[in-house]
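Residue numbers (the numbering used here): 1 to 209.
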């Protein structure tokens, strides 16, 4: 048995590596495809258990589609000078579908928001001045099972599988970069997403149908 032990270890490591690669690959969405190229099969295999990598024009993004009414786009590992952030959009499943693609809130909004990971309340780590508290939040987010966002008299849950995708370098944007100039404060008729994520968000919303 001992002579087979190194072989078994090698097989285990190899299997684990390819399993991790499979997880990452099946949770990667090439959003630069045209609507015609987004097949029914892709809609069916859209991951609903946690984080998904989205690629648009060679730029990475990470979002979460596990809640039927809201998409959570999160930016943690920034490759530019903008700070980490997040924004949430309504999906086409919210109410009668007319809100689909419209921003619900972002890291720049003044409203109070509490991020709770597996029962631990991190308040709003995106508005906290402490780097240590933000680091603890990110670590919990990668290892946790459920994120609950409490804001605006509602509680929104997201599943947290595939936390390894949160390490992907992304180009972070501010809410002001997404909102069109002179756009009214009321809910717009179109999305309020910047060029770097607009097509990605539209593709995600289409796949959720």
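Think of the CB as a built atom: it goes at the ideal place given N, C-alpha and C, for glycine as much as any other residue.
Being a predicted model, the structure only gives us computed values, none of them experimental.
Item                                                                                                                     : Value
Alpha-carbon spacing of residue 85 relative to residue 95, whole angstroms                                               : 26 Å
Terminal residues of the alpha helix (DSSP H) in which residue 137 lies                                                  : 131-143
Spatial distance of residue 198 from residue 115 (CA atoms)                                                              : Only weak support exists for where residue 198 lies, its pLDDT of 47 falling under 50; the coordinates are left without a value.
Proximity winner among 162, 121 and 135, relative to residue 151 (alpha-carbon distances)                                : 121
Sequence-distant residues of its chain with Cβ nearer than 8 Å to residue 140 (five each side left out)                  : 117, 118, 120 and 122
Alpha-carbon to alpha-carbon, residue 58 and residue 156                                                                 : 31 Å
Residues near residue 88 by beta carbon distance below 8 Å, same chain, minus five either side                           : 70, 71, 72, 73, 103, 104, 105, 106, 149 and 156
Where residue 164 falls: helix, strand or coil (DSSP)                                                                    : helix
Short Cβ contact (7 Å threshold) for residue 77 with residue 169                                                         : yes
Integer-rounded CB distance, given that residue 145 should sit under 8 Å from residue 160                                : 6 Å
Extent of the continuous beta strand (DSSP E) to which residue 102 belongs                                               : Counting along the chain, residue 102 falls outside any beta strand (DSSP E), and DSSP gives it neither H nor E.
Nearest residue (CA-CA) to residue 75, options 154, 125 and 132                                                          : 125
Nonlocal neighbours in the same chain, by C-beta distance under 7 Å from residue 143, ignoring five residues either side : 163
Reduced DSSP category for residue 121 - H, G, I as helix; E, B as strand; rest coil                                      : strand
Sequence-distant residues of its chain with Cβ nearer than 7 Å to residue 171 (five each side left out)                  : 59, 79, 80 and 196
For residue 93 and residue 67, the rounded distance between their alpha carbons                                          : 10 Å
Run of the beta strand (DSSP E) containing residue 64, from where it starts to where it stops                            : 59-64
Selected residue, minimal CA-CA separation from residue 101, among 56, 135, 154 and 65                                   : 65
Proximity to residue 83 [Cα-Cα], best of 91, 147 and 134                                                                 : 134
Residue span of the beta strand (DSSP E) that contains residue 70, given as start and end                                : 70-75
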